[in-house]
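So the structure is just underneath, and the comments pick up after that.
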Amino acid sequence: MNLELTDEQAFFRDTARRFLESEVPLTTVRELYDTVDGFDRAWWGKAAELGFTSLFVPESIGGGSLSGNPTQDAVIVAEEMGRLVSPGPFLPVNVVAAGLAWHGTDAQRAEILPGLLSGEALAAWAHTEPGGHWRPEQLTTAATIEGDEVVLHGEKAYVEAVGVADHLLVTARSGDGVSQVLVPAGTPGMAIVRGRSIDMTRRFGRVTFSGARLPVSAIVGEPGNATAAIERQLQLALALQCAETVGGADRALEFTIEYGHDRIAFGRPIVSFQALKHRVADMTVQLEGSKAVSDDLAAAVDEQRDDAVVLASVAKAYVGEHCLDIIDDCVQITGGMGVTWEHDLHLYSRRALIDRATYGTPEEHKQRIVGRIAPTRDAVA
Amino acid sequence: MNLELTDEQAFFRDTARRFLESEVPLTTVRELYDTVDGFDRAWWGKAAELGFTSLFVPESIGGGSLSGNPTQDAVIVAEEMGRLVSPGPFLPVNVVAAGLAWHGTDAQRAEILPGLLSGEALAAWAHTEPGGHWRPEQLTTAATIEGDEVVLHGEKAYVEAVGVADHLLVTARSGDGVSQVLVPAGTPGMAIVRGRSIDMTRRFGRVTFSGARLPVSAIVGEPGNATAAIERQLQLALALQCAETVGGADRALEFTIEYGHDRIAFGRPIVSFQALKHRVADMTVQLEGSKAVSDDLAAAVDEQRDDAVVLASVAKAYVGEHCLDIIDDCVQITGGMGVTWEHDLHLYSRRALIDRATYGTPEEHKQRIVGRIAPTRDAVA
Amino acid sequence: MRLPEMGDHDTLESLDAFEARARAWIAATLPSLDDEPVESRELQRLLFDHGFAGIAFPKEYGGGGCTLQHQKVFFEAAAALCRQVPTTNHVSIGMLAPTILDHGSHEAKLRFLPPLLRGDEVWIQLLSEPRGGSDMAGAITSLKGDGDTYLLTGAKMWSTGAHLADYGLCLCRSDWDVPKHQGLSMIAVPLRNTVGVTIEHIRAADGTRASFCQEFFDDVRVPRSNLIGEENQGWAVAQALLVHERNAVANIGYGYLTGNARPASITPDLSVPDLVATASHRGIDGVLAGPLADAYIASVVGPLLSARISAGIRLGTHKGPWGSLSKLHGAVSAVETARTTLAVGGPDGVVWDGDEVRLDNAGTRWLGIRGNTLAGGSNEMQRNIITERLLGLPREPSSDRELPFSEVLRRATAR
Amino acid sequence: MRLPEMGDHDTLESLDAFEARARAWIAATLPSLDDEPVESRELQRLLFDHGFAGIAFPKEYGGGGCTLQHQKVFFEAAAALCRQVPTTNHVSIGMLAPTILDHGSHEAKLRFLPPLLRGDEVWIQLLSEPRGGSDMAGAITSLKGDGDTYLLTGAKMWSTGAHLADYGLCLCRSDWDVPKHQGLSMIAVPLRNTVGVTIEHIRAADGTRASFCQEFFDDVRVPRSNLIGEENQGWAVAQALLVHERNAVANIGYGYLTGNARPASITPDLSVPDLVATASHRGIDGVLAGPLADAYIASVVGPLLSARISAGIRLGTHKGPWGSLSKLHGAVSAVETARTTLAVGGPDGVVWDGDEVRLDNAGTRWLGIRGNTLAGGSNEMQRNIITERLLGLPREPSSDRELPFSEVLRRATAR
C-alpha cells in the first residue's frame, strides 16, 4: 500500500498482479480447496522465477531485493496475494529465508537458500505452540545441547505448509534462552500431523518432537540467544500478514461498492442509502488506517526500528480486527448472496480469519501492548 | 418501567411525576447546582409525605409499601426522579431504611426509622471505599469489638449525602466477616470531608474513622455476619440506580426525537436521515433492553431470588453502559446546542455519569460476571 | 388482525384448568427429552389429535379454540416437564397458519388449515427473489390469470426448507401498471410434483448444502381458489406474514412454540461459561472479560426483552411490530458472540488436524453468522421498521412508491 | 485551488538549503519550550519579520514564497529543536488565509493577507448559525446591497475566538430567489468596535465560558470591497474554507503549523500509560486491556493516517477532501478514549472533595467531548463527504437543491 513505490517496485507489483490473476484466479483457488496441499508445485516454481522467493536471499546466492528494503518489497507481493486470496507458502518460505539470511552461517545459507530461491524446496517456520502461544517467553519446546548434538522435545502447532516443507526452522527453549534449529523433513524423532484450516488453500499442521537429534551445526545463530532473531522474524511475519489482510479487505470493499451501485432496491441503488454509506465511510477510515500502519510496520522492520516491537502488535491488533470487520460489513451490504458459496466474499472472510488467528490474535496483541506500555509493572499479560 | 402496575402504583407514579414536575422542575435543579447541599430540606419533607421514604419502613412504624413489593414500588419513584434528574437523598435513605427493616433490632428501627420516614432525619450508607471498592470482600475498614463497644478504623468514600446525614450505616470488616454499624453524625473519632460530584445536585463525601467507638448495640444484625445483608442492600441500590438511569435516558431520547422532528436541514427534518434513524433504532433496542433488565432486577430483589446477585451485575453493566451511550447519542443528534449549558442534555449526562460510576462501574460488574460464571476457578477478578 | 383473546369468553377454558389438563396430558403422552427423538411430524399429529395443535386457532379450522396465553402455558409446561415438542413447525404453524387465518377466505381456511395444523402439509413462504430480499414489494415473479387458473412465472430464493414443503405462499405481481404495492397478490403454490416447479438447494458459504433453496416457476398452473387475500391485495397479506415471522423468530405470539423464551439464533454453540473456561485456559480471559461478559449479558437481556415485548403486546402497551426489537437484538448479539468466540478460540477455531474439511469450529460458524442479520428481514430493515412504524419517524425518500411499477423498472434499468 | 508547488521552480530555494537556513534561524531565534511561554502574536511577528510566516504564500502578500513542503520542514525543525511556535494561528493562518489566497481579489489579498500573516489581525470564520451547522448552505444571515456598501443582518454561532478576532469571514444570503447554493456570498466583517455587531460567549455544558461565541448582526455596514469571491459565488469560497479547516484539524497542508503530526483533539488529557497505571492500581487493567490498547493504537494510527493522507495529497494519489478521514478518525478516537478514561477513573472521575465545582476530571471532559464530533463538520457530515465526494456514492435525496431558497423555507416551515 506504499504510496511511493520505486519504478522497480511498481513494475514488480504489476507483474505479480497479472501473474496471480492469470495463473491462480479465484476459480483456481476454488479448485485448490479440494486438494491436499492447497497449491501446485509447478506454479510455485513460476512464482519463484518472478522473485516471490528471492527478496531476503543474499545476492551472493542469487537472490536480492528490489529496493534494498526487502520487507517493503515483500509486502507488495503479500498485498497482491491478499487481493486474490492466492495460494502458496509465501509467508513461511520468506520468513525462514530471512531468518537464515539474517542469522544463518554461510554453510546453512548455502545448503538451504538455493532450493527455496528456485521454489524446488519449501520451508516452514515451526514457532507457535498448542494453545496459540507465540511470544518467545511462552515457548516450552526444548532444544537441549548434548555434546555436539541438539535434542528436541515438545510440540509445535498451526505450522503453515509443514506438510510439504523440506526444512523446518524450529524455535525452542535452551536453558534460560531460546534457540532456532533447522530440522530436515523426515528426521527421526519428529512426527508431523497434517491439517487443514478455514482458508481455501492454506494448510497447516502440528509437529511433535520426541528426542529428534540434530548436529549443533543445525542451530541458527548462537544457541540460547535467538530472542531478537525470533522477534524480528515475528515482525516480518506480521508485516506480511497485515499486508495480505489489507489487500483482501481493499479488494472486497471495491467489489462490494461496485455491486452496491448496481443493485436497485426501492427504486434506488443500495449504496445511496445513508446508513449504508456511513458504514462505508467508517470502513474507508479503517482501511486507510490499516494501510498506513501496515506500511509503517514494513518500513520499521527494514529499518530495525526500536518501535517495531510495539508497532507490530499495534498493526496486527488494528488490521486483524478492522479488516475482518470490513469484510464482514461487505457481507451485510451484499445481503443474502454474500453468505452463499457461489459469491467470492467467503474466500476473503476465510483468509482474514486465518490471518487474524495466527501469529497472535488482535486480543493477544492488545494484551501485549498494555503490558509493554504499563509504566509501573513489567507486564499485565 | 414495569408494564403491569397496580392501580395504586400507577397513581403513585402519576403523583410523583406531578410533584417533581411542579416542585423541582429542571429550572430548580439548575438553581440547586449553586447550593451546598443540592436539595431543600423542606422540599424533602414534602417528598416524604408523598411516601418517598415509607416503602421499606414497616407498617408498625407507620411505613408501608403499595404492593407488598417495596423495591418494585421504589423503582417507580427512582425512574421518575431520573426523568427529571431530581435532587434528594432518595437512594441512601431508602437503602438504610431497608437495611434496618430487614436486619435491625426493634430498638434500632424505633430509633432511626421514624425520622427517616418523616423526612426530618437523613441517612447515608457508608459502604464504598477509596479506589472505588464496593464488593464486600474488598472492604478494609475495620469494626473491632472490644468488650461492649465496637471500634471503627478506616475510610469510606463517595458516600452520598454524608454531609447532611444524621445517621451513617457503615460497612466494615470484623475478623473474617463483615458487619454493619450505625453511627450517628458527630460521633467522636469520625471526620467527614464534604464533596461534590459531576451531578447537578447530588453531593458526596468521605468519612474517616480513627477509633470511633459505638456500643455493640449499634451493630445491625449479627456481628461479622452481614455479607448477605450488604449484598441485598447493594442489589437494592443497583435496582434504584438502574431505574433512575433508565428514566433519564428514556426522557432524553423522547425530547431529542421531538427536537429532531422540528429541526430542518437540507429541506428535511433531521430525524428523516437514515443514519440517524438507524442509530435511534439501536438506542431504542438498548433502552427497551434496559427497561426489561431493570424491572427484572427489582422483582428479583423483592423475591430474594438466587439469580439476583448476577442479575444486579448484568443490569448495572447493561444499563450503565448503554444509557450513558443513549444520552451521548442524543447529544450528537442534537448537535452543537447539545454541548451548551442552556440545553438540558448535560443535566442528563451528569446524572448518568454519577450513576455509572457509583456502586461499581459497568466494567467492574463485567469482571464480576465473568468471575461468577467461570466454571473452572473461583474468580477472574 | 384477529385477536384470539376476543373469542368466546364464556366458553373458554380458564388458564388454570387448561394448565392442569395440559400438564397431565403432556406428562402422560409426550416423550421425554431424554428419550429417543421422535419426528416432529409425528409429534405434531399427536398434538393435533388431542386438540393441542394450533391452540389459539378456531376449532372449526382444526385448532384448539383457545388463546395465545393458553398456547404459552402449554409449551411452558412441556418445557418444565422436559418433554419433546415438534421443532420444525415455526414456519408452518408460527408464521403461515396465522397469516392464512388473518387473510384467507373461509373456504381457504377450511381447506388449508387442518392438514397444516395436523402436520400433514408443510408450508413455507416464498417472498424474497434472487435480486434481493429487502425490497420485497419490488417482486417481479409474475401471476397471470388464465381462465379459472393462474400462470405463475419467475424465481424465489432464500426459502427455508422448500425441498421439504408441500405449499409455498408466494408473493407475485399480478398488475404491473399500478404502483408497486398495489399490484401484488399472494397465492398458495403446491410444490411437490408440480409441473413447472424446480427447487434447488443453495450452497452456503461454509460449503454445505444450505437449508434454504431457490425455486424456479415456469408457467405453473395454480387454481384461483389458492389466492390468500384478494387479487392485488397481496401486500397486506405479506405484511401480516412478516409480523408473524418476526414474532416466530422472537418466539412470541403465535410463534411461541418451544417453551424456550430465547430465540434459537442467539444460543451460542459454546455456552458462555465454556467460553470463559477456554479463555482462561489460554490466558486471555482478562483481555476478553468485557466481550465475555457482554455475551453473557446478551443471553440474559435477550429473553427478558422478548418477555417484556410479549407482555406489552398482550397488555396493549406495545402496539405494532415490536418483535423487530427482539429480532434486531438477537441478530446483533449473535454476531457479537460469534466474534468473541473467534477471539477465544484463536488458532484452534480455524485450524484443525487432518485433510478433511471440518465444520465444528468458530471460523465456520463465522462464515454463516450473517444469516442472523439478513434472513427474515435484515438488520437494516428492522431498523427502518422500528423507527418508521414504531417511533413514527419519516420514511426514507423513495421515488418508487407512486409510479406505476413498470415505470419504476424502466427507470432503474436506465441508470 | 492554487498549488504552491507549481510556483517559480527555478527561483525556489531547495528544501535542503531551506532546511539548513531555517534550522539555524530557529536555533538562534525562537525561544525554547523550556523557556517562559512567549505570546503567539509576538512569535508570529518574529516569523513574519524573517520571512517564515505563511511560508507557502507568495511574497507579494507577505508570505515566504515557498511551498507546503518548506512549511512542513520548518515546523518539523522547530519541533525537533523543541522551540516555541505560535499556537493560536490554526484558524487565521491555516484556514482563513489560504481561503483568501484561493478566492480573494488581488486587492483583497494585498489588503488582508500581510497583517494577517504578521499576526496583527486575527480572523475567524462565521459559517454556522444558531439553527444548526451541518446545512451550512441553508444560511439565513442576510446581505443586502445599499449603495457601495452592504447591510448585514442575522446571527452566527459556534465561532471559536470571535471575542478576540478582528475579522470574520461571513457566509450570508445575498439572493433569496435562487436555489440555495447560488444565492450565497462571503464577506469579511470587521468585528472590533463595529456598529451593529454584538458578540456573546456561549456557556459550555461544563458551566465554563466556552471559547466559542454567538454573534448578532444588526444592519452592519460592510464595504463591497470586503467581498471574498464574487457576489452570489460564496458557496465555492465556503467549500474552500472547509477543505482548509479539515486540513488544519488534521494538521496537514496549509494547516501544518505545529510540527506535531497528531491532531490536538486526540491527545488525551491523561496519557495512555498513565491510564494503564491507574487501571492497574484499581485492579481493572485486565477488563480494560482492550479499550486501553485501543486508546494507544488510536494514538499511533491517527498520526500515521494523517501522514499517509498528507503524502497522498502531495503525490496526487489522494485527490479531494481526504482530510475528512483524519478528522473522523480523530473525532471517533477522542470519544472512545474519553469513554475509556471514564471507565478507568470510576468514581474518582466524577466525585471530588470540597464544595467547589472542579473541572479537572474525566466526567467534566466527557461533557465536552462531543465538541470533537460536532465542531468543524460533524461526524455525519464527514461521512457524507467521504462517501459522496471521495468514493462517488450517490448524494442524499433532498428536495432543496433545485427550488428557490425562499420556497424551501416556505415548505420547511409549513410542515
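Just so you know, the protein sequences line up as chains B, A, Z and X, in that order. Residue 10 is where the first sequence starts when you use the numbering used here, and the numbers rise one by one after that. Residue 10 is where the second sequence starts when you use the numbering used here, and the numbers rise one by one after that. Residue 5 is where the third sequence starts when you use the numbering used here, and the numbers rise one by one after that. Residue 5 is where the fourth sequence starts when you use the numbering used here, and the numbers rise one by one after that. Positions of the beta carbon are idealized from the N, C-alpha and C atoms, including for glycine. Quick caveat, the model's predicted, so the values are computed rather than measured.
Going straight from the alpha carbon of aspartate 175 of chain B to that of leucine 29 of chain B, what length do you get? 25 angstroms
To the nearest angstrom, report how far apart isoleucine 389 of chain X and isoleucine 279 of chain B are at their CA atoms. 18 angstroms
Answer yes or no: does any C-beta atom of chain Z fall closer than 8 angstroms to that of valine 412 of chain X? no
Between the stretch 155-170 of chain Z and chain B, which residues of the former have CB atoms less than 9 angstroms from a CB of the latter, in chain order? Met161 and Trp162
On the CB-based measure, 16 or more other CB atoms within 10 Å of its CB, does threonine 282 of chain Z come out buried or exposed? buried
Give the DSSP-derived three-state secondary structure of glycine 298 of chain B in the structure shown. helix
Throw me the rounded Cβ distance for the proline 232 of chain A and serine 303 of chain A pair, which I believe falls under 8 angstroms. In fact, because the Cβ distance is near 34 angstroms, the residues do not count as touching under 8 angstroms.
So, threonine 274 of chain A versus glycine 142 of chain X, is the Cβ gap smaller than 8 angstroms? Reading off the sequence, residue 274 of chain A comes out as alanine, not threonine. Yes.
Interface partners of alanine 284 of chain B on chain A, CB under 8 angstroms: Gln283, Ala284, Lys286 and His287
Cβ closer than 7 angstroms: which chain B residues qualify as neighbours of valine 354 of chain Z? Ser206, Ile207, Leu362, Ile363 and Ala366
Proximity to leucine 51 of chain Z [Cα-Cα], best of Z/Ala347, Z/Gly327, Z/Leu37 and Z/Asn93: Z/Asn93
Can you tell which of X/Pro118, X/Ala24, X/Leu173 and X/Phe79 has its C-alpha closest to the C-alpha of aspartate 53 of chain X? X/Pro118
Exposure of glycine 67 of chain Z, with buried meaning 16 or more beta-carbon neighbours within 10 Å: buried
Determine the DSSP secondary structure at glutamine 189 of chain A, reduced to helix, strand or coil. strand
Within 8 angstroms, strictly: CB atoms of tyrosine 154 of chain Z and valine 226 of chain Z: yes
Verify the CB distance criterion: does glutamate 360 of chain X have a CB-CB separation below 8 angstroms to chain A? yes
CB-CB length for valine 379 of chain A against alanine 297 of chain Z, believed under 8 angstroms: 5 angstroms
Grab the span of the beta strand (DSSP E) containing phenylalanine 213 of chain A for me, first residue to last. 213-224
Determine whether the Cβ of proline 401 of chain X lies closer than 8 angstroms to any Cβ atom of chain Z. yes
Is isoleucine 256 of chain X close to chain B? Criterion is C-beta to C-beta, closer than 8 angstroms. no
Going along the chain, which residues of its own chain have a beta-carbon closer than 8 angstroms to the beta-carbon of threonine 236 of chain A, five neighbours each way excluded? Pro145, Gly186 and Val187
For valine 291 of chain Z, would you say it is in contact with chain B, using Cβ-to-Cβ distances shorter than 8 angstroms as the test? yes
Which stretch, first to last residue, makes up the alpha helix (DSSP H) that contains threonine 153 of chain A? No alpha helix (DSSP H) contains threonine 153 of chain A, which is instead part of the beta strand (DSSP E) from 151-155.
Please compile the residues from chain A whose C-beta is within a distance smaller than 9 angstroms of the C-beta of isoleucine 313 of chain X. Near isoleucine 313 of chain X there are no residues of chain A at all, since even the closest Cβ is about 23 angstroms away, more than 9 angstroms.
Quick one: is glycine 136 of chain X near chain Z, going by C-beta distance under 8 angstroms? no
Should arginine 395 of chain A and methionine 209 of chain A be called a contact, given that it needs their Cβ atoms to be closer than 8 angstroms? Any answer about residue 395 of chain A is impossible in this case: the structure gives chain A only from 10 up to 390.
Taking a contact to mean a Cβ-Cβ separation below 8 angstroms, would you say leucine 397 of chain Z touches lysine 286 of chain A in this structure? yes
Pick out whichever of B/Val171, B/Phe213 and B/Ala152 has its Cα sitting closest to the Cα of valine 225 of chain B. B/Ala152
Tell me, please, whether the stretch 156-175 of chain B touches the stretch 204-221 of chain B by the rule of three or more beta-carbon pairs shorter than 8 angstroms. yes
Compare the C-alpha of serine 284 of chain X against each of A/Glu373, A/Ser281, A/Asn234 and A/Glu351 and name the closest. A/Glu373
What does DSSP give as the partner residues of tryptophan 134 of chain B in its beta bridges? B/Leu178
Helix, strand or coil for histidine 331 of chain B, going by three-state DSSP, please let me know. helix
Please identify, using Cβ separations under 7 angstroms, the residues of the stretch 282-309 of chain X that lie next to chain Z, in order along the chain. Gly290, Val291, Ala293 and Gly294
Please report the Cβ distance between leucine 126 of chain A and threonine 62 of chain A, rounded to the nearest whole angstrom; I am assuming they are in contact, meaning their Cβ atoms lie under 8 angstroms. 5 angstroms
Measure the CB-CB distance between isoleucine 203 of chain X and asparagine 230 of chain X and report whether it falls below 8 angstroms. no
Excluding sequence positions up to five away, which residues of its chain have a Cβ less than 8 angstroms from the Cβ of methionine 346 of chain B? His352
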